[in-house]
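To convert a position in the sequence shown, counted from 1, into this note's numbering, add 1.
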Amino acid sequence: MNEKPPTSASLFLNEGSDKPPLPERGDLRRRLRRAMERRASTMKERMSSMSRNSIKCFLKRNLFVLFTVVAVALGVVLGFALRPHNLSLRNIKYFAFPGELLMRMLQMLVLPLIVSSLVTGISSLDSRASGKMGVRAVVYYMVTTLIAVFIGIVIVMIIRPGKGSRDSPVANSGNIEPVQAADAFLDLIRNMFPPNLVEACFKQETVEESVPVSGSSGGVNALGLVVFSMCFGLVIGNMKQQGQALRDFFDCLNEAIMRLVAIIIWYAPVGILFLIAGKIVEMKDLAEVGGQLGMYTVSVIVGLLIHGLFVLPLLYFLVTRRNPYSFIGGLLQALITALGTSSSSATLPITFRCLEENNHVDKRVTRFVLPVGATINMDGTALYEAVAAIFIAQVNDMELNFGQILTISITATAASIGAAGIPQAGLVTMVIVLTSVGLPTEDITLIIAVDWFLDRLRTTTNVLGDSLGAGIVEHLSRRELQNQNAEVCNSVIEENEKPYQLICQENDSFNHRNSETTM
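Laid out in structure tokens, this is it:
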């Protein structure tokens with residue numbers, strides 16, 4: 002074999018090199034393949050562990066929401082499954098007893114929660130900040146309520162659900178004693194200034210007879226307690242250091258109530274299940290109700306959806322420039338609870354929890370805005386009353402002129418503001434709206450059959466409006482809140498320096514007394 006002798010260049014390159022010969026291409030490919038397989042398996046393990054952790058975090062964060070959604074679905078299924086058995090009224094009451102317990106537990110917390118949250122929230126603000134915050138909250142409440150009434154009127158005038166409804170028979174359950182609008186307005190003013198705070202915890206003023214006679218009726222006078230708590234909180238806040246003991250007391254009371262809420266909240270899905278199932282079993286004739294009130298129900302639902310899913314989020318976005326639907330996502334627990342309990346006040350403890358823990362809204366804002374909103378901000382109720390009044394006019398073939406529609410708008414807005422201060426709020430405020438334009442009040446029996454369902458939807462809209470309002474007020478009040486935080490920090494620094502100054506003053510006075518005695 003003739004081998005070529007090595008050239009000088011190859012000898013020069015190989016000289017002094019102890020490196021092993023380069024591997025072949027096949028070995029390189031195998032090594033690269035093994036490395037890529039190891040990296041891929043490592044990535045798969047990381048992704049699987051991350052997915053497991055994310056699922057665990059999601060379940061841990063939204064476990065109550067999932068339980069509540071399942072409870073609502075089971076309640077609907079169970080209610081329709083029990084309807085063919087024709088349960089007696091006594092058995093229905095027994096069946097709905099777990100739901101009654103939930104309502105009693107939530108209502109038990111409403112009174113101390115309203116008082117403690119308002120007192121701590123307002124006392125932690127100075128009078129200027131609380132005044133500006135109050136003006137912003139009231140303006141928001143009035144604007145959104147008027148928008149809700151306008152939406153309801155437009156929807157009912159377009160759909161016209163009352164046309165042809167008189168053709169089907171309607172059961173009259175009896176005449177309702179008419180209450181004058183002036184009497185209800187005076188009741189509202191009376192309830193703002195209760196003569197006895199202890200009685201205000203379980204009684205409120207109301208006109209009950211055709212000859213106006215002021216009397217008392219059962220139920221918490223929420224409006225009177227709100228007014229007293231706001232004034233009391235302002236006074237404590239202006240007392241500075243002297244009022245610190247009272248501030249600490251109400252702050253501790255509020256924290257204890259919220260811890261009770263954290264315990265009771267896990268019973269809520271069970272109570273909601275039986276509340277919804279019991280209401281479905283209690284309904285009379287579904288076919289008749291659907292035939293008479295189907296389009297009316299659709300009108301109210303469409304109006305509430307437009308207001309709750311488009312108007313309120315748009316208003317929140319225009320003011321804060323943030324995603325409103327992520328904010329609403331943090332409110333799911335409160336919204337589902339409102340759907341199950343049909344009570345803004347009973348949902349108030351859970352609304353506090355959602356806003357402060359999920360959406361991180363300042364406690365000074367929530368403790369001030371939410372109790373007031375749960376009392377006077379009723380967007381869903383105002384929309385519902387406007388739709389119901391025009392629906393009853395359409396049923397009776399009465400054409401309303403512009404002045405009557407404007408009267409309905411103003412009366413529905415005013416009646417919804419005072420709804421929490423009037424017993425049987427939906428029924429009585431509806432009477433006020435109907436009598437303002439001369440519509441027959443006995444036709445309220447037309448809508449009572451579906452009122453239990455629509456009441457839940459409008460309560461959910463009310464809670465949503467209160468919560469978005471808290472977010473808007475916090476955004477508009479951020480400068481005052483930041484200034485107050487800075488003042489608190491400065492006061493803390495001054496308190497830390499104060500002992501040294503006091504020691505110096507005491508030493509000076511002691512030396513001065515010694516010099517006087519020696520003289």
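C-beta atoms are modelled at their ideal positions from N, C-alpha and C, and glycine is treated no differently.
CB-CB length for M231 against I56, believed under 8 Å: For the purposes of this step, residue 231 is identified with residue 230 of the sequence shown, where counting begins at 1. For the purposes of this step, residue 56 is identified with residue 55 of the sequence shown, where counting begins at 1. At roughly 45 Å, the Cβ-Cβ gap does not stay under 8 Å, so M231 and I56 are not in contact.
Cβ-Cβ distance between T121 and F251 below 8 Å: As a working note, residue 121 is residue 120 in the sequence shown. As a working note, residue 251 is residue 250 in the sequence shown. Yes, these two residues count as a Cβ contact at 8 Å.
CB of V320 within 8 Å of CB of H86, strictly: What you label residue 320 is simply residue 319 of the sequence shown in a count that begins at 1. What you label residue 86 is simply residue 85 of the sequence shown in a count that begins at 1. No, these two residues do not count as a Cβ contact at 8 Å.
Limits of the unbroken alpha helix (DSSP H) element including M530: Since the first residue shown for the chain is 2 and the last is 520, residue 530 is missing from the structure and cannot be characterised.
Cβ pair count under 8 Å reaching 3, the stretch 294 to 304 against the stretch 361 to 373: The stretch 294 to 304, when compared against the stretch 361 to 373, does not touch it at the 8 Å Cβ threshold.
Where D28 sits in the DSSP three-state scheme: Within the sequence shown, numbered from 1, the residue matching residue 28 stands at position 27. DSSP, reduced to helix, strand and coil, places D28 within a helical segment of the structure shown.
Element boundaries [alpha helix (DSSP H), containing C253]: Along the sequence shown, one-based indexing puts residue 253 at 252. Following the DSSP letters along the chain, one finds C253 inside the alpha helix (DSSP H) bounded by residues Q245 to I265.
C-alpha gap between M44 and C58, whole angstroms: For the purposes of this step, residue 44 is identified with residue 43 of the sequence shown, where counting begins at 1. For the purposes of this step, residue 58 is identified with residue 57 of the sequence shown, where counting begins at 1. If you draw a straight line from the Cα of M44 to the Cα of C58, it comes to about 21 Å.
Closest by C-alpha distance to T145, when choosing among R91, D28 and L315: Start at 1 with the first residue of the sequence shown, and residue 145 comes out as number 144. If we check each option's Cα against that of T145, L315 comes out closest.
Neighbourhood of K133 by C-beta, 7 Å cutoff - its chain only, sequence neighbours within 5 removed: Taking the sequence shown and counting its residues from 1, one reaches residue 133 at position 132. The residues are S478 and E481.
Simplified DSSP assignment, three categories, for L235: The residue given as residue 235 occupies position 234 in the sequence shown. It is helical.
Buried versus exposed, by CB contacts within 10 Å (16 or more), G309: Mapped onto the sequence shown, residue 309 falls at position 308. By the Cβ neighbour-count rule, G309 is buried, with 16 or more other Cβ atoms within 10 Å of its own.
Distance CB(L103)-CB(L305) smaller than 8 Å: In the sequence shown, the residue the question calls residue 103 occupies position 102. In the sequence shown, the residue the question calls residue 305 occupies position 304. No.
Alpha-carbon to alpha-carbon, L407 and T338: Against the sequence shown, residue 338 aligns to sequence position 337. Against the sequence shown, residue 407 aligns to sequence position 406. Looking at the two C-alpha atoms, the distance is approximately 34 Å.
Cβ-based burial, R47 [other Cβ within 10 Å; buried from 16]: Walking along the sequence shown from the start, residue 47 turns up at place 46. Here R47 is exposed: its Cβ has fewer than 16 other Cβ atoms, across all protein chains shown, within 10 Å.
Own chain partners of S117 with C-beta closer than 7 Å, once the 5 adjacent residues on each side are dropped: Position 116 of the sequence shown holds residue 117. Result list for S117: F251, L254, N255 and I258, in chain order.
S68 versus N378 - alpha carbon distance: Position 67 of the sequence shown holds residue 68. Position 377 of the sequence shown holds residue 378. It is Phe, not Ser, that sits at residue 68 in the sequence shown. Distance from the CA of F68 to the CA of N378, rounded to the nearest whole angstrom, comes to 29 Å.
Contacting residues, own chain, Cβ-Cβ under 7 Å from S343 (five flanking each side not counted): Within the sequence shown, the letter at position 342 stands for residue 343. Around S343, the same chain offers D456, R457 and T460 as residues with beta carbons nearer than 7 Å, after the five sequence neighbours per side are excluded.
Nearest residue (CA-CA) to T414, options V136, A97 and Y142: Start at 1 with the first residue of the sequence shown, and residue 414 comes out as number 413. In terms of CA proximity to T414, Y142 leads the group V136, A97 and Y142.
Other residues of its chain near L110: CB distance less than 7 Å, five sequence neighbours each side excluded: As a working note, residue 110 is residue 109 in the sequence shown. For L110, the CB contacts under 7 Å within the same chain, skipping 5 residues up- and downstream, are I258, L261, V262 and P350 in chain order.
For E46, the three-state DSSP class (helix, strand or coil): Locating residue 46 in the sequence shown gives position 45, where the first residue counts as 1. When secondary structure is reduced to three states using DSSP, E46 falls in the helix class.
8 Å Cβ cutoff met for G279 and G100: Stepping through the sequence shown from its first residue, residue 279 is reached at position 278. Stepping through the sequence shown from its first residue, residue 100 is reached at position 99. With respect to G100, G279 sits close: the two C-beta atoms are nearer than 8 Å.
Start and end residues, alpha helix (DSSP H) containing K364: Residue mapping note: residue 364 aligns to position 363 of the sequence shown, counting from 1. Element bounds for K364: K364 to I377.
Beta-carbon separation (whole angstroms), N359 vs G341, contact threshold 8 Å: Looking up residue 359 in the sequence shown gives position 358. Looking up residue 341 in the sequence shown gives position 340. Wrong, their Cβ atoms sit about 19 Å apart, outside the cutoff.
Host alpha helix (DSSP H) of Y317 (start-end): Stepping through the sequence shown from its first residue, residue 317 is reached at position 316. Membership of Y317 in the alpha helix (DSSP H) is indicated by the continuous run L313 to T321.
Local Cβ density within 10 Å of L384, reported as buried at 16 or more and exposed below that: Counted from its first residue, the sequence shown places residue 384 at position 383. It is buried - the Cβ of L384 has at least 16 other Cβ atoms within 10 Å.
Given S437 as reference, the closest of I448, D452, G404 and R31 once Cα atoms are compared: Your numbering for residue 437 matches position 436 in the sequence shown. Considering only alpha carbons, the answer is G404.
Exposure of A41, with buried meaning 16 or more beta-carbon neighbours within 10 Å: The residue given as residue 41 occupies position 40 in the sequence shown. Classification of A41: exposed, given that the 10 Å Cβ count is below 16.
As assigned by DSSP and simplified to three states, the class of N1: Nothing can be reported for residue 1, as the shown portion of the chain is limited to 2 through 520.
For Y385, the first and last residue of its enclosing alpha helix (DSSP H): In the sequence shown, counting from the first residue as 1, residue 385 sits at position 384. Residues D380 to V396.
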